[in-house]
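Note sheet for the following structure.
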Amino acid sequence: MKTTEPKKNHIKSFNKYLLTFLLSVLFILNISAKINIEGDTINDNLSTEKHKLEKELFTNTEDSNTEDLEIYEIEIIELEEEVELGFDTSMYLPKNFNALKGKNDLDWNAIELVELEEDVELGFDTAKYLPENFNALKGKNDLDWNTIELIEIEEEIEINFDTKDYLPCGFDPYKGMIKNTVDVVVN
Numbered sequence: 802m803k804t805t806e807p808k809k810n811h812i813k814s815f816n817k818y819l820l821t822f823l824l825s826v827l828f829i830l831n832i833s834a835k836i837n838i839e840g841d842t843i844n845d846n847l848s849t850e851k852h853k854l855e856k857e858l859f860t861n862t863e864d865s866n867t868e869d870l871e872i873y874e875i876e877i878i879e880l881e882e883e884v885e886l887g888f889d890t891s892m893y894l895p896k897n898f899n900a901l902k903g904k905n906d907l908d909w910n911a912i913e914l915v916e917l918e919e920d921v922e923l924g925f926d927t928a929k930y931l932p933e934n935f936n937a938l939k940g941k942n943d944l945d946w947n948t949i950e951l952i953e954i955e956e957e958i959e960i961n962f963d964t965k966d967y968l969p970c971g972f973d974p975y976k977g978m979i980k981n982t983v984d985v986v987v988n
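The structure is reproduced here in structure tokens:
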């Protein structure tokens, strides 16, 4: 078997190809690393911002130099999250339901305002005038609600508008309830 020594031209061309290959690999690795860094920039910025906010909130600010901010200098970021209920809400709404129907039809002059009573400040300690060991909640849970018979007094409520305008066509509040009706036929 005869062995030959490689020629110097072959070695030089091989070295050129090897050098080209190595530089190409280095270039490709550099580009892919650059792409990964740019892709994570948003997450890095958010985590950096979060870290800065947490640091400002939870570090001892007595020793640090702080400056008072005006209310308009504070930037508020509102996150809107979509609520997933896991079911189709339209199945539980009347046909042709429009949540915005009648939104601007209110006559604010016809609405009667009711003033709520405010807490009264008496100016003295009421505990001085109560018996010793007084407990306003004593016996609260001693009541057996099963022994109390509830009587509903049916009163006609005047609402000052026709409720039929706001209910869907064919609305029946008793739909689905068991009705014990007796048909009486008179001959």
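In terms of this note's numbering, the sequence shown has 851 at position 50, counting the first letter as 1, and numbering is strictly consecutive.
Think of the CB as a built atom: it goes at the ideal place given N, C-alpha and C, for glycine as much as any other residue.
All values reported here derive from a predicted model rather than from experimental measurement.
Span separating the alpha-carbon of residue i from that of residue j
| i | j | result |
| --- | --- | --- |
| residue 979 | residue 964 | 24 Å |
| residue 832 | residue 825 | 11 Å |
| residue 872 | residue 823 | 58 Å |
| residue 855 | residue 821 | 49 Å |
| residue 849 | residue 886 | 33 Å |
| residue 835 | residue 829 | 10 Å |
| residue 966 | residue 912 | 18 Å |
| residue 989 | residue 955 | The requested residue 989 does not occur in the structure, where the chain is confined to residues 802 to 988. |
| residue 908 | residue 917 | 22 Å |
| residue 952 | residue 968 | 29 Å |
| residue 941 | residue 924 | 28 Å |
| residue 938 | residue 868 | 49 Å |
| residue 893 | residue 881 | 25 Å |
| residue 897 | residue 891 | 10 Å |
| residue 972 | residue 946 | 34 Å |
| residue 921 | residue 950 | 35 Å |
| residue 875 | residue 853 | 15 Å |
| residue 870 | residue 877 | 14 Å |
When you compare the region 928 to 935 with the region 846 to 860, are there three or more beta-carbon pairs, one atom per stretch, that lie closer than 8 Å?
no
contact_flag[the region 970 to 978, the region 899 to 910] where n(CB pairs < 8 Å) is 3 or more
no
Taking three-plus beta-carbon pairs below 8 Å as touching, is the region 953 to 964 in contact with the region 881 to 895?
no
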